[in-house]
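Q: Residue numbers (the working numbering), protein chains in the order written: chain W, 48 to 356; chain B, 262 to 537. Glycine included, each C-beta is placed from N, C-alpha and C at the ideal position.
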Amino acid sequence: MNTSEATQFGFLDEFAKKEIRRTVLKAIAIPGYQVPYSSREMPMGRGFGTGGLQLTLSIIGRGQTLKVIDQGSDDSVNAVNLRGFIESVCPSVNTTTNTADADLIQSRHRIPELALTENQVLVLQVPYPDPLVIVEPSEEKRKIMHGEADYSRLLVKLYEDIVHFDEVTISHRYPTCINGHYVIDPSPIPRYDVPKLDQSKALVLLGAGREKKIYAVPPFTDATPLVFDDQPFHIENFIDQDGQRRACQQCGSTESFLDEYMDAETQTLVFQCSDTDYCTRYLSSRNNGALHSNTELDNSAEAVELAND
Amino acid sequence: MTKVLEVRNLSKVYGPGCMQCYESTGPEFGTNICPSCGSIVAAHDISFDLCKGEILGIMGESGSGKSTAVKTLFFDQEPTHGSARFYDSNKQHDLFSLNPAQKRNLRNHRFGMVYQNPSLGLNFNVSAGGNIAERLLMNDLRHYRQIRDRACELLSRTEVAIARVDEQPGNFSGGMQQRVQIAKALAINPPLLFLDEVTTGLDLSVQAAILDLILEIQQEFETAMIVVTHDLGVIRLLAGRTLVMKNGRVVEAGLTDQVIEDPQHAYTQQLVASAL
């Protein structure tokens with residue numbers, strides 16, 4: 048795609064951007080409330096992240112730095128395509144894979160491992176914005192339920208899960224209560240990422256293109272997963288049969304969310320960081336540490352310890 | 262006696278309604294369809310009081326408006342005219358002037374309803390225990406263990422085998438479904454309970470067990486109840502006072518014994534005679 052002068056910066060016309068910005072302001076003012084907006088046609092199918100894309104295009108400015116990830120990876124198809132599109136329609140925007148360098152991060156299915164800061168905005172692509180849709184098909188009734196904070200039927204779903212499986216089986220899209228009232232579907236992030244929303248320093252914006260809804264978790268806002276008082280919320284712990292926390296086979300980190308896959312050659316289960324940027328950085332810092340320890344004996348013990356983790 | 266509910270001049274008309282609706286329908290005319298505009302006067306000018314721990318029976322043939330009266334009180338339908346006052350511990354609620362949120366609040370927190378058809382009162386996609394849990398969760402009980410214990414307690418109280426608490430109501434017999442529905446309605450100890458044809462369609466021994474249960478609940482929790490039925494036996498067993506309805510009007514009202522032993526209105530006489 049060429050970037051001719053005639054192309055509007057950010058692809059969307061100014062009226063569309065203005066509408067989305069206004070929607071974002073309302074979403075921030077009413078934390079967790081799903082604000083409807085007109086969701087323009089984008090040059091890609093709905094369901095490919097058009098909600099997140101419209102948010103990004105509306106709020107990104109010249110000279111800012113953008114990171115796009117899909118399932119934690121900067122290199123998967125959805126991320127590469129969205130990044131390519133944004134680069135072509137926003138000529139003066141820089142892109143990066145480094146979480147710390149990004150002003151704006153558009154993501155699908157993950158929140159980066161590295162804690163975000165006050166100066167960053169996280170945009171999440173949302174397929175299904177309403178958590179109540181599994182218990183109530185009528186949108187009119189769902190709106191009333193949201194208004195009255197009536198989430199008893201969602202809790203019945205959790206009750207049934209505990210009855211049948213002894214634990215809540217929701218692995219992603221865990222219903223989360225924002226600022227004590229509205230319960231949101233935090234997009235398909237794993238349970239592991241839900242606590243990162245709570246009192247997050249960065250603004251989190253969630254956009255559903257197909258369902259035409261935008262909602263937000265403003266900075267420093269409570270985000271509490273829906274639970275029973277005596278059944279605390281659990282995140283994935285990646286403990287193996289021996290009670291050991293699994294480590295990433297690539298970088299060795301034991302503090303990240305791991306993807307599990309079957310190695311085609313060896314036919315064994317492999318665990319690897321889902322956040323590729325984190326994985327690369329962890330690996331290089333470890334290697335640097337190891338190099339460092341050759342010259343400074345004091346640190347060698349620590350480096351070995353780290354390597355054995 | 263503490264008053265729980267006071268209903269005055271309750272009317273419900275389906276259709277456009279006209280000036281002649283009330284004058285040209287009723288038992289004297291043998292119809293509840295207005296000849297001039299075709300509206301159905303389902304219920305008209307119903308007034309009664311209900312006290313704590315009292316069971317009021319509403320009896321009549323099908324189409325006489327007895328269920329309509331109860332459905333307006335449970336906010337399933339909007340009344341055309343009339344007022345109803347609900348006396349809660351130290352508050353009063355004018356039922357028909359509440360906003361929808363207040364209505365839902367009363368429905369969820371203070372009223373209970375048992376429908377003739379369990380599919381109206383139960384969610385067949387969740388277990389029997391889950392159905393009861395839903396009602397408890399609406400009342401802000403957020404403790405899994407407590408919810409579970411209360412569900413088991415209620416089910417054993419209504420004689421549903423506790424081993425089946427995690428089964429879906431679809432697997433149960435009609436009588437058991439009805440008992441689960443009663444357990445669900447009772448979960449929050451409502452001061453007012455509506456029972457709409459609860460034993461209709463069940464076999465006699467199951468009927469007897471459910472009627473016993475209702476009486477026990479009345480004695481134990483002093484719940485005020487309105488029992489809608491076309492079955493004279495149910496009225497005789499449960500209700501202290503009875504309204505007899507025909508073509509949308511109350512044709513006779515009084516103590517149940519009196520109404521049954523000494524019926525005044527021709528329709529009541531016919532009803533009692535046909536039962537004996």
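1. Would you kindly work out how many angstroms separate the C-alpha atoms of Q172 (chain W) and P138 (chain W), rounded to a whole number?
2. For the segment 260–267 of chain W against the segment 189–202 of chain W, are there 3 or more C-beta pairs whose distance is under 8 Å?
3. Please name the residues in the segment 386–399 of chain B whose beta-carbon is closer than 7 Å to at least one beta-carbon of chain W, in chain order.
4. When DSSP labels each residue in this structure, what does I316 (chain B) get in the three-state scheme?
5. In terms of alpha-carbon separation, which member of W:D213, W:Y239, W:Q291, W:I209 lies closest to T223 (chain W)?
6. Can you grab the Cα-Cα spacing for the pair N386 (chain B) / Q429 (chain B), in whole Å?
7. When the Cα of K327 (chain B) is compared with those of B:V520, B:R510, B:Q530, B:I521, which residue comes out closest?
8. Short of 6 Å in beta carbon distance, which residues of its chain neighbour M538 (chain B), apart from the five on each side in sequence? Order them along the chain.
9. Please report the distance separating the alpha-carbon of T144 (chain W) from that of E186 (chain W).
10. For the segment 285–308 of chain W, which residues have a CB atom closer than 9 Å to at least one CB atom of chain B, in sequence order?
11. Assuming contact is defined by CB atoms lying nearer than 9 Å, are R257 (chain W) and I236 (chain W) in contact in what I supplied?
12. Could you check how far apart the C-beta atoms of I307 (chain B) and L271 (chain B) are, in whole angstroms? I think they sit under 8 Å.
13. Could you pull the start and end residues of the beta strand (DSSP E) that T490 (chain B) belongs to?
14. What does a CB cutoff of less than 6 Å around A354 (chain W) pick up in its chain, not counting 5 residues either side in sequence?
15. Determine whether the Cβ of Y348 (chain B) lies closer than 9 Å to any Cβ atom of chain W.
16. Between which two residues does the alpha helix (DSSP H) holding G57 (chain W) run?
17. Of all the CB atoms in chain B, is at least one closer than 9 Å to the CB of K204 (chain W)?
18. Report the residue from B:T292, B:A527, B:G373 whose alpha carbon sits nearest the alpha carbon of I487 (chain B).
19. Is the segment 466–474 of chain B touching the segment 433–440 of chain B in the sense that three or more CB pairs, one from each, lie closer than 8 Å?
20. Measuring alpha carbon to alpha carbon, tell me which of W:E66, W:N166, W:V241 ends up nearest H281 (chain W).
21. With H, G and I counted as helix, E and B as strand and the rest as coil, what does DSSP make of H526 (chain B)?
22. Using a cut-off of 7 Å between C-beta atoms, extract the partners of H404 (chain B) located in chain W.
23. Please classify L113 (chain W) as buried or exposed, where buried requires at least 16 neighbouring CB atoms within 10 angstroms.
24. What are the start and end residues of the alpha helix (DSSP H) that includes M437 (chain B)?
25. For the beta strand (DSSP E) that E207 (chain W) lies in, which residues bound it at each end?
26. Per DSSP, what kind of secondary structure is A126 (chain W) in: helix, strand or coil?
A: Quick look at the numbers:
1. Here residue 172 (chain W) is taken as the residue at index 125 of the first sequence, counted from 1. Here residue 138 (chain W) is taken as the residue at index 91 of the first sequence, counted from 1. Roughly 23 Å between the two C-alpha positions.
2. no
3. V387, S388, G390, G391, A394, E395, L398, M399
4. For the purposes of this step, residue 316 (chain B) is identified with residue 55 of the second sequence, where counting begins at 1. Here I316 (chain B) sits in strand by DSSP.
5. Position 176 of the first sequence, counted from the first residue, corresponds to residue 223 (chain W). Minimum Cα-Cα distance from T223 (chain W) among the listed residues W:D213, W:Y239, W:Q291, W:I209 corresponds to W:Y239.
6. Within the second sequence, the letter at position 125 stands for residue 386 (chain B). Within the second sequence, the letter at position 168 stands for residue 429 (chain B). The alpha-carbon atoms of N386 (chain B) and Q429 (chain B) are separated by roughly 7 Å.
7. Your numbering for residue 327 (chain B) matches position 66 in the second sequence. Of the listed residues, the one whose Cα sits closest to K327 (chain B) is B:R510.
8. Since the displayed chain B opens at 262 and closes at 537, residue 538 (chain B) lies outside it and no answer follows.
9. The residue you call residue 144 (chain W) lines up with position 97 of the first sequence. The residue you call residue 186 (chain W) lines up with position 139 of the first sequence. Spanning the two alpha carbons is a distance of roughly 39 Å.
10. none
11. Reading the first sequence from its first residue, position 210 is the one you call residue 257 (chain W). Reading the first sequence from its first residue, position 189 is the one you call residue 236 (chain W). The answer is no: Cβ separation not under 9 Å.
12. Along the second sequence, read from residue 1 onward, the residue named residue 307 (chain B) stands at position 46. Along the second sequence, read from residue 1 onward, the residue named residue 271 (chain B) stands at position 10. With a Cβ gap of about 4 Å, I307 (chain B) and L271 (chain B) count as contacting.
13. Position 229 of the second sequence holds residue 490 (chain B). First-last of the beta strand (DSSP E) with T490 (chain B): 485–490.
14. Counting from 1 along the first sequence, the entry for residue 354 (chain W) is found at position 307. Summary for A354 (chain W): the model assigns pLDDT 47, below 50, so the residue's position carries little reliability; its value from the coordinates is reported in the next sentence. Counting only Cβ-Cβ distances below 6 Å, and skipping sequence neighbours, we find nothing.
15. Position 87 of the second sequence, counted from the first residue, corresponds to residue 348 (chain B). It does not: the Cβ of Y348 (chain B) has no partner Cβ on chain W nearer than 9 Å.
16. Residue 57 (chain W) sits at position 10 when you count from the first residue of the first sequence. Premise fails: G57 (chain W) is in no alpha helix (DSSP H) and is neither H nor E.
17. Looking up residue 204 (chain W) in the first sequence gives position 157. Yes, contact with chain B.
18. Locating residue 487 (chain B) in the second sequence gives position 226, where the first residue counts as 1. When each option's Cα is compared against that of I487 (chain B), the closest is B:G373.
19. yes
20. Translated into the one-based positions of the first sequence, residue 281 (chain W) becomes position 234. That would be W:V241, whose Cα lies nearest to the Cα of H281 (chain W).
21. Start at 1 with the first residue of the second sequence, and residue 526 (chain B) comes out as number 265. It is coil, neither helix nor strand.
22. Along the second sequence, read from residue 1 onward, the residue named residue 404 (chain B) stands at position 143. Result: F275, D276, D277.
23. Taking the first sequence and counting its residues from 1, one reaches residue 113 (chain W) at position 66. By the neighbour-count rule (16 or more Cβ atoms within 10 Å), L113 (chain W) is buried.
24. Counted from its first residue, the second sequence places residue 437 (chain B) at position 176. From DSSP, the alpha helix (DSSP H) with M437 (chain B) extends over 435–447.
25. For this step, residue 207 (chain W) is matched to residue 160 along the first sequence. No beta strand (DSSP E) holds E207 (chain W); the alpha helix (DSSP H) holding it covers 199–212.
26. Position 79 of the first sequence, counting from 1, holds the residue named residue 126 (chain W). Annotated three-state conformation of A126 (chain W) is helix, per DSSP.
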